[in-house]
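Residue numbers (our numbering): 96 to 242.
The C-beta atom is built at its ideal place from N, Cα and C for all residues, glycine as well.
Quick notes on the structure that follows.
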């Protein structure tokens, strides 16, 4: 902590590291030559294990609720994560002939998929202690919907 000029700088650097890891994990899953790379990613992302471990999972899911209250540096890193993950998803959609050909349509679909993925995880975490069955239901419904 001492080698950072401020707590905000430390948070931004930690966010940058998490962003890079999250994007790399998604790209690796989508690059898998097997056809189920996306489905496996969704199953892992929307798993009970990932829900229980916010500190070791995706930066987007862990920081989504806090990013709006952080400073510009953390928000910039968060925006980089959204752009990077949406870009990886749009590239993935471009390889699927059944999914629109236009870049704008792919980007919109990618942002929708990413929002569903992160939103489901955030909601599942938010209700897990009070209503574990609802939390499980949120994860399961979105695993099915994001295939």
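Around the beta carbon of residue 166, a 10 Å sphere encloses fewer than 16 other beta carbons of the protein chains shown; the residue is thus reported as exposed. Judged by DSSP in its simplified three-state form, residue 190 adopts coil rather than helix or strand. Counting the other CB atoms within 10 Å of its CB gives residue 145 a total of 16 or more, which places it among the buried residues.
In the assembly as shown, residue 151 is an exposed residue. Its beta-carbon has fewer than 16 other beta-carbons within 10 Å. Of all C-beta pairs linking the segment 136 to 145 to the segment 169 to 186, fewer than three are shorter than 8 Å, placing the two stretches out of contact.
For residue 167, the secondary structure class from DSSP, reduced to helix, strand or coil, is helix.
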